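Here's the structure, in structure tokens; my notes come after.
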DNA sequence: AACCTTCCCTGATGGC
DNA sequence: TGCCATCAGGGAAGGT
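Right, here's the structure in full:
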């Protein structure tokens with residue numbers, strides 16, 4: 250599921266391919282994913298040049314001459330570059346060892362819903378099996394982006410993501426901390442995988458009420474969030490099922506996960522079996538020893554937490 | 001206002 | 001072999 254690190258991976262992979270190219274043709278498959286009328290999309294972007302690629306939370310932005318073309322990947326969205334000088338992969342294959350789907354460069358198929366072809370050659374394909382993804386088109390203008398992203402919270406890796414701002418958004422509610430992390434109005438870009446990983450790094454049980462989280466724990470969470478996101482980007486994103494980068498290749502961060510998807514396996518730090526529960530309709534994996542339900546236990550040395558954590562082989 | 005549930009959608013998987 | 005139920009979940013919308 251593309252979260253901040255996966256979207257950033259796509260952005261970085263796509264950027265050198267597409268910046269400077271001008272749009273020659275647009276083809277729409279299932280227009281359900283479009284948040285703009287297909288005809289208007291085609292009409293408005295034809296002939297425009299891609300000025301740059303940026304990201305806000307889980308959104309990927311194509312800056313055009315007069316518009317922003319904005320993608321959200323939902324659960325299974327894939328955005329790949331199709332290079333005319335490279336052969337297409339025949340169909341979709343499963344990786345023999347990891348079982349992950351490896352699409353590589355591909356021709357449009359029944360799940361391809363948008364294709365943007367460039368005058369200089371090549372195309373960008375948006376493919377989305379479950380169709381939870383969305384494509385937006387907004388005209389440039391004063392503050393259009395701040396209006397569009399008005400509901401989004403702090404952006405990690407920017408000056409806006411600072412401890413005072415983070416603590417300020419920590420309202421003392423009854424909600425589980427896990428649910429707060431999934432709320433894009435709190436910190437933008439965190440999804441189920443990185444929420445679980447950040448809570449593990451911070452030593453916080455996902456079910457704990459927001460108001461019960463102590464200041465020192467909030468500070469640990471503040472650091473843990475950027476730690477896990479950074480690590481996700483370093484390993485090219487997490488490919489649990491469908492995620493592929495702009496070249497159609499899987500990421501490798503799934504091999505580095507500490508808790509997500511590891512229920513029944515032993516904790517890399519302490520050996521306790523990882524548990525899975527449901528919080529707010531979302532699965533949550535955690536280690537009951539490293540993330541005690543009652544909060545920090547007297548005598549537990551929190552400071553050594555990160556040093557003690559072994560990286561999966 | 002805060003919080004919870006339902007819905008959208010397809011493919012993989014397991015039971016029978 | 002097929003058939004059906006279940007699960008995965010981001011975010012919007014509707015309900016309490």
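In my numbering, the protein residues as written are 250 to 562. Even for Gly, the Cβ is constructed at its ideal location relative to N, Cα and C. On a predicted model such as this, the values are computed, not experimentally measured, just so you know.
I'd like to check one pair, residue j with residue i: are the Cβ atoms closer than 7 Å?
i: residue 574; j: residue 308; result: Because residue 574 is not part of the residues shown, which for the chain are 250 to 562, the question remains open.
i: residue 563; j: residue 495; result: Here the chain covers residues 250 to 562 and nothing more, so residue 563 does not appear.
i: residue 451; j: residue 473; result: yes
i: residue 485; j: residue 492; result: no
i: residue 471; j: residue 415; result: yes
i: residue 354; j: residue 376; result: no
i: residue 412; j: residue 443; result: no
i: residue 531; j: residue 421; result: no
i: residue 456; j: residue 523; result: no
i: residue 277; j: residue 363; result: yes
i: residue 508; j: residue 365; result: no
i: residue 435; j: residue 418; result: yes
i: residue 405; j: residue 475; result: yes
i: residue 389; j: residue 533; result: no
i: residue 361; j: residue 497; result: no
i: residue 433; j: residue 394; result: no
From residue i to residue j, what distance separates their C-alpha atoms?
i: residue 542; j: residue 381; result: 34 Å
i: residue 464; j: residue 454; result: 15 Å
i: residue 346; j: residue 502; result: The predicted position of residue 346 is uncertain, since its pLDDT is 49 and thus under 50; a value taken from the coordinates is nonetheless stated next. Whole-angstrom Cα-Cα distance: 15 Å.
i: residue 396; j: residue 286; result: 20 Å
i: residue 430; j: residue 255; result: 17 Å
i: residue 326; j: residue 333; result: 22 Å
i: residue 251; j: residue 544; result: 30 Å
i: residue 526; j: residue 511; result: 12 Å
i: residue 423; j: residue 264; result: 42 Å
My guess is that residue i and residue j are in contact by the Cβ rule of under 8 Å, so how many angstroms apart are they, rounded?
i: residue 449; j: residue 519; result: The Cβ separation is near 11 Å, so there is no contact.
i: residue 517; j: residue 371; result: At roughly 41 Å, the Cβ-Cβ gap does not stay under 8 Å, so residue 517 and residue 371 are not in contact.
i: residue 323; j: residue 379; result: 7 Å
i: residue 294; j: residue 310; result: 13 Å between Cβ atoms; not a contact.
i: residue 462; j: residue 253; result: Actually they do not touch by this definition, with Cβ atoms about 22 Å apart.
(message) If contact is defined by three or more beta carbon pairs under 8 Å, each pair taking one atom from either stretch, is the segment 251–265 in contact with the segment 285–303?
(response) yes
(message) Using 8 Å as the cut-off, can you tell me whether the segment 275–291 makes contact with the segment 373–392, which would need three or more C-beta pairs spanning the two stretches below that distance?
(response) yes
(request) Let me know the alpha helix (DSSP H) ranges lying completely inside the segment 265–353, each 4 residues or longer, listed in chain order. (result) 287–294
(request) Only counting runs of 4 or more residues, tell me where the alpha helix (DSSP H) segments fall wholly within the segment 376–411, in order along the chain. (result) 393–397
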